[in-house]
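To start, the structure itself, in structure tokens.
There are 2 protein chains.
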Amino acid sequence: MTEPMSDRTTLHRYPQRGRHDRATIDAILDEGLLAHLGFVHDGRPVVIPTIHARLGDTVYLHGSVASRAMRTARTLPVCVTVTLLDGLVLARSGFNSSMNYRSVLVFGDAREVVDQDEKRRALDRLVDHVLDGRMADLRPHTDLEMRQTTVLAVALDEASAKVRSGGPADDDEDLDATAWAGVVPLRLTAGTAEPAANLRPGIDTPTSVSDWHR
Amino acid sequence: MTEPMSDRTTLHRYPQRGRHDRATIDAILDEGLLAHLGFVHDGRPVVIPTIHARLGDTVYLHGSVASRAMRTARTLPVCVTVTLLDGLVLARSGFNSSMNYRSVLVFGDAREVVDQDEKRRALDRLVDHVLDGRMADLRPHTDLEMRQTTVLAVALDEASAKVRSGGPADDDEDLDATAWAGVVPLRLTAGTAEPAANLRPGIDTPTSVSDWHR
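See the structure below:
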């Protein structure tokens with residue numbers, strides 16, 4: 001794939017933070033548990049959190065949360081944004097304080113997936129994106145579930161990543177300040193898995209669940 | 215404030231997950247470190263991650279990341295979405311699998327803050343939102359920094375919250391499945407604070423930093 005560099009994916013601020021290589025983009029999409037889907041409804045923006053998953057050059061989204069959008073258009077201009085928060089950057093000034101993060105913006109026209117094979121693969125991937133291998137432990141999606149679910153596909157043709165890492169970048173004249181400066185690293189961590197109240201006796205928590213991490 | 219219930223903040227799916235009370239909305243906005251700001255550019259949606267902070271009935275956003283938007287309109291229709299991820303909900307089917315989360319959508323016309331007192335209060339709050347009391351340890355924003363920063367304000371007139379909590383809601387016919395089911399709780403946790411390489415000797419890490427948590 002050629003590196004996209006259209007106006008919308010060109011970074012207008014802090015160009016040194018921009019990454020357009022697919023390896024960076026894919027890694028962020030695959031690590032993120034959550035996307036924010038933007039679309040236009042009655043001329044105004046709507047941004048909803050939703051689960052996403054990547055398969056090759058396509059990002060898939062789950063339909064039901066987007067159904068309000070799906071009523072307005074068959075192909076829908078969207079922006080899918082995935083952001084990972086890596087740390088608080090505490091500088092000696094508010095102006096230079098920041099966050100360490102990795103984010104991807106994907107622009108495109110979402111299409112509804114109507115091919116049943118593609119739809120099933122996408123739904124399986126949405127499950128496995130959260131917990132790798134999970135779908136193999138579950139029954140297949142029923143035909144009714146398939147009909148009740150809308151799947152949207154967005155091609156990774158126009159995507160960009162932004163990454164901010166490292167310590168604060170203070171102005172020289174602030175370096176004598178008495179305030180502490182540095183980074184507080186952040187990560188999403190899993191607590192102890194909580195079995196469902198109606199879990200059948202004798203089913204132990206598998207290590208894929210007890211050791212889940214991102 | 216009356217509870218907003220316009221068409222855009224009415225929940226069309228899973229109405230039992232909707233919360234419109236301000237206490238819930240404020241708590242989510244105040245805990246979230248990151249917002250996703252949606253706006254329309256050339257008729258298409260754009261969603262960018264950005265720091266936010268609430269002061270009373272207003273959500274403030276930092277300008278520089280929104281400057282592409284600011285060039286197109288003085289008052290800008292926006293959607294500000296803040297999402298907190300609380301857990302993986304692993305059901306016995308893909309269809310019933312979900313996430314526990316809390317989210318807020320704020321719809322409104324963003325206005326650029328031009329009053330210098332309001333602008334300074336907003337910038338101070340954006341710093342303190344990340345680490346309470348931090349601004350008191352820092353020098354005031356300079357006039358140049360104030361000029362270099364755009365601050366947007368969005369009123370909390372039209373906001374809604376969605377909350378999903380608890381275990382999986384499986385279909386009765388799936389309860390005999392052998393797959394483990396339950397919740398993996400998630401939270402954003404802080405690692406050991408990393409002092410800046412150029413931190414003056416003798417400045418210890420304050421407890422507000424070493425004990426930072428959300």
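Taken in sequence, the protein lines are chains A and B. The first sequence begins at 1 in the numbering used here and counts up by one. The second sequence begins at 215 in the numbering used here and counts up by one. For each residue, glycine too, the CB sits at the ideal point set by N, CA and C.
B/I417 has a beta carbon lying within less than 7 Å of a beta carbon in chain A.
Beta-bridge pairing by DSSP links B/M313 to B/L302. Selection B/P415, B/A404, B/A395 and B/M313 evaluated against A/A179 yields B/P415 as nearest (Cα-Cα). In the structure shown, the three-state DSSP call for B/A324 is strand. Distance from the CA atom of B/D244 to the CA atom of B/D357, rounded to whole angstroms, is 28 Å.
Rounded to whole angstroms, the gap between the alpha carbons of B/L298 and B/R268 is 16 Å. C-alpha of B/V318 to C-alpha of A/D172: approximately 39 Å in a straight line. The beta carbon of B/L345 sits closer than 8 Å to the beta carbons of S422, V423 and W426 from its chain, once the five residues preceding and following it are set aside; these are given in chain order. In terms of beta-carbon proximity, B/T403 lines the interface with chain A, with at least one pair separated by less than 7 Å. M313, Y315, S317, L319, F321, L337, D338 and L340: these are the residues of the stretch 313-340 of chain B whose beta carbon lies less than 8 Å from some beta carbon of chain A, given in chain order. B/E245 has a beta carbon lying at 7 Å or more from every beta carbon in chain A.
Membership of A/A190 in the beta strand (DSSP E) is indicated by the continuous run G182 to A190.
Taken through DSSP and simplified to helix, strand or coil, B/R334 comes out as helix.
Within the stretch 78-95 of chain A, contact with chain B at the beta-carbon level (separation under 7 Å) is assigned to V78, C79, T81, T83, L85, L88, L90, R92, S93, G94 and F95. For B/H355, the C-beta contacts it makes with chain A under 8 Å involve S93, G94 and F95, in order along the chain.
Beta bridge pairing from DSSP links B/P409 with A/G182. Of all alpha-carbon atoms in A/H36, A/N100 and A/D124, the one lying nearest the alpha-carbon of B/N310 is that of A/D124. For A/R22, there is no enclosing beta strand (DSSP E); the enclosing alpha helix (DSSP H) has its first and last residue at R22 to E31. The Cβ of B/E387 sits no closer than 7 Å to any Cβ of chain A.
Distances from the CA of B/D235 to each of B/A407, B/T403 and B/A373 were compared; the closest alpha carbon is that of B/A373. Around the beta carbon of A/S98, a 10 Å sphere encloses 16 or more other beta carbons of the protein chains shown; the residue is thus reported as buried.
If you look at A/S160, you'll find it in the beta strand (DSSP E) that goes E158 to R164.
A direct Cα-Cα distance of roughly 50 Å separates B/L389 from B/P420.
A straight line joining the alpha-carbon of A/A110 with that of A/A91 spans about 40 Å. Shortest Cα-Cα distance from B/D300 to any of A/A190, A/E118 and A/K162 involves A/A190. Contact check for A/E194 and B/P399: beta-carbon distance about 7 Å, within the 8 Å limit, so the pair qualifies. Taking 7 Å as the cut-off, the Cβ atoms of A/L138 and A/H62 do not count as close.
Within 10 angstroms of the beta-carbon of B/R361 lie fewer than 16 other beta-carbons, which makes it exposed.
Listed in chain order, the non-local C-beta contacts of A/S165 below 6 Å within the same chain comprise N100, local neighbours out to five positions each way being set aside.
Per DSSP, A/T207 is not a residue of any beta strand (DSSP E); the alpha helix (DSSP H) it occupies stretches across T207 to S210. Partner residues in the beta bridge of B/G252, as assigned by DSSP, are B/V261 and B/C293.
Secondary structure at A/L105: strand, using DSSP grouped into helix, strand and coil. Contact annotation, B/H255 with B/V296: C-beta distance approximately 21 Å; criterion of less than 8 Å not satisfied. Judged by DSSP secondary structure, B/R268 falls outside any alpha helix (DSSP H) and instead within the beta strand (DSSP E) spanning H266 to L269. At least one CB atom of chain B sits nearer than 7 Å to the CB of A/H36.
Within chain B, no C-beta atom comes nearer than 7 Å to that of A/G63; the closest sits roughly 10 Å away.
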